[in-house]
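Under the working numbering, the residue at position 4 of the sequence shown is numbered -2, and the numbers go up by one with no gaps.
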Amino acid sequence: MWDLFCRVVDNFGDVGVCWRLAADLATRGQRVRLWCDDPSALAWMAPDGSPQVQVMPWPERLSHVEPGEVVIEAFACDPPADFVRAMAAAPRPPVWINLEYLSAESWVERCHGLPSPQSSGPGAGLTKWFFHPGFSSATGGLIREAGLLEAQGRFEREAWLRHLGVHLRQGERLVVLFCYANPALPQLVQLLADQPTTLALTPGHTQAQVHRMALPPGVRTLDLPFLSQHDFDRLLWSADLNLVRGEDSLVRALWAGRPFLWQLYPQDDDAHIVKAGAFLDRWLGTDTAGQAPWKADLRGLWQAWNPASRPQDPRPAGSRPLVLPDASSWTAGVQALRQDLLRQDDLTTQLMRFVACRGQVAGTGESSA
Ligand code: TRH
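Here's what the structure looks like:
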């Protein structure tokens, strides 16, 4: 049994990542209890649930529950003290993992897999392990369900889009938009008017933002409902360009292999700029001299799409000139990155292996691998 704890801080990514992990563990024969303080989004993300995953309300007290063999706290969410006390008291304490946020920054490789021995509090005597998802073999990898790319290969785009109510005209581009408030959005929409374009708008914030804008000729919009994660993947597979936000939809855009732009959750200290840059450097390389034009165009677009909260540049955010990278080079660039990432084991495989190694020594602070 795996106990997976999730607190929803904001938006959908916390529960989105936890559900994907829980469901993926389930397909590998594991039983999972997903303890969540706000599972409401699962009604649309995972309407069919999974027989091996029990979604449980976040409890303030948990003394009556016996911990499973593995306890995962997502994003340092701090499981209830009673539960941690029960973990420490168990004859064979569970392997306790803190599953961290995804980042391409170099410190992630140094921190992945480190132990954090607990010297005080309800878990005193236990060891918590840091598990960092990431983009290199020195990290815990990315969630990638078995058969994902094969399913994409069998996917019938036109029929699926028709079913969704999307009827593209001859030569029309499909752009999926899932973003936070973005001052660069009007400029980007202007650029997209160079070709007939349907903007498929995800619900809530994205739709509200676009509805306030005047659209240029050639660009039309379609309001989508919330889709299940399964269908959200299919939407990304169908698009000519995916504008995604947050960590989970970034990963799904990567597996989709279509051109994408990633908007990170804006932070007051501009940590999102560092994170966005780390991902781009990991992908395109740090040497910008003499780089291919599509890479230079993408860097410019990427920076405009992720404005600093405290811009150094006197020009207002959103006023930088934007150029769309050449579509076929951009597609090839994404597919090369995907190919590279496919070489690393997926996150669930790595997590299960990590747990198997630590299972022998859980609670002692020693590492067997
Ligand atoms: O919702 P997000 O913006 O979440 C983010 C991240 O979690 C980030 O770490 C956090 O700092 C920030 O919020 C506050 O974006 P993300 O991570 O892509 O999660 C969205 C989830 O919603 C993802 O699992 C995909 C899913 N989804 C669907 O399943 N169907 C849909 O129709 C849509 C729009 C999203």
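In this text, a Cβ means the ideal position worked out from N, Cα and C, and glycines have one as well.
If you're wondering where the values come from, they're calculated on a predicted model, not measured in any experiment.
Local Cβ density within 10 Å of residue i, reported as buried at 16 or more and exposed below that
| i | result |
| --- | --- |
| residue 85 | exposed |
| residue 152 | exposed |
| residue 42 | exposed |
| residue 357 | Only weak support is given to the placement of residue 357: the predicted model assigns it a pLDDT of 43, under 50, and the value that follows is read from those uncertain coordinates. It counts as buried. |
| residue 239 | buried |
| residue 232 | buried |
| residue 363 | The predicted model places residue 363 with a pLDDT of 37, which falls under 50 and marks its position as unreliable; any figure quoted below should be read in that light. It is exposed - the Cβ of residue 363 has fewer than 16 other Cβ atoms within 10 Å. |
| residue 364 | Look at the range of the chain in this structure, -5 to 363, and you will see that residue 364 is not part of it. |
| residue 241 | buried |
| residue 4 | exposed |
| residue 88 | buried |
| residue 112 | buried |
| residue 1 | buried |
| residue 360 | Since pLDDT at residue 360 reaches only 43, below the 50 mark, its modelled position is unreliable, and the value read off the structure follows with that caveat. Flag for residue 360 reads exposed. |
| residue 24 | buried |
| residue 94 | buried |
| residue 108 | exposed |
| residue 131 | exposed |
| residue 144 | exposed |
| residue 128 | buried |
| residue 149 | exposed |
| residue 73 | buried |
7 angstroms Cβ shell around residue i - same chain, five flanking residues per side excluded
| i | result |
| --- | --- |
| residue 70 | 92 |
| residue 77 | 56, 59, 61 |
| residue 300 | 257, 258, 266, 267, 270 |
| residue 36 | 9, 13, 49 |
| residue 366 | Absent from the structure is residue 366, since the part of the chain shown begins at -5 and ends at 363. |
| residue 142 | 249 |
| residue 313 | Annotation note: pLDDT 49 at residue 313 (below 50); position unreliable, coordinate value reported separately. Counting only Cβ-Cβ distances below 7 angstroms, and skipping sequence neighbours, we find nothing. |
| residue 339 | 135 |
Host alpha helix (DSSP H) of residue i (start-end)
| i | result |
| --- | --- |
| residue 329 | 321 to 336 |
| residue 14 | 7 to 21 |
| residue 120 | Element bounds for residue 120: n/a, residue is neither H nor E. |
| residue 344 | 341 to 352 |
| residue 173 | Here residue 173 belongs to no alpha helix (DSSP H), and DSSP marks it neither H nor E. |
| residue 78 | 75 to 83 |
| residue 86 | Segment: none, residue 86 is in no alpha helix (DSSP H) and carries neither H nor E. |
| residue 36 | 36 to 39 |
| residue 255 | Per DSSP, residue 255 belongs to no alpha helix (DSSP H); it is in the beta strand (DSSP E), 254 to 257. |
| residue 103 | 101 to 105 |
Cβ shell of residue i (< 6 angstroms), same chain only, five flanking positions each side left out
| i | result |
| --- | --- |
| residue 212 | 187, 190 |
| residue 173 | 200, 237, 239, 257 |
| residue 325 | 253 |
| residue 317 | 291 |
| residue 251 | 328, 329, 332 |
Delimiting residues of the beta strand (DSSP E) encompassing residue i
| i | result |
| --- | --- |
| residue 50 | 47 to 51 |
| residue 64 | 64 to 68 |
| residue -3 | -4 to 0 |
| residue 27 | 26 to 30 |
| residue 162 | Premise fails: residue 162 is in no beta strand (DSSP E) and is neither H nor E. |
| residue 260 | Looking at the DSSP string, residue 260 is not in any beta strand (DSSP E), and its letter there is neither H nor E. |
| residue 110 | 109 to 111 |
Residues near residue i in its chain [Cβ-Cβ closer than 8 angstroms; skip 5 each side]
| i | result |
| --- | --- |
| residue 197 | 217, 218, 219, 220 |
| residue 272 | 97, 98, 99, 100 |
| residue 275 | 98 |
Start-end ranges of the alpha helix (DSSP H) lying completely within the stretch 177 to 252, minimum 4 residues
Counting only runs of 4 or more, we get 179 to 186, 199 to 205, 223 to 232, 240 to 250.
Give the list of continuous alpha helix (DSSP H) stretches no shorter than 4 residues that lie fully inside the stretch 280 to 306.
Inside the stretch 280 to 306, DSSP marks whole alpha helix (DSSP H) runs of 4 or more residues at positions 287 to 299, from first to last along the chain.
Which ranges would you report for the beta strand (DSSP E) in the stretch 128 to 160 if only whole runs of at least 3 residues count?
If we require 3 residues or more, the stretch 128 to 160 turns out to have no beta strand (DSSP E) run fully inside it.
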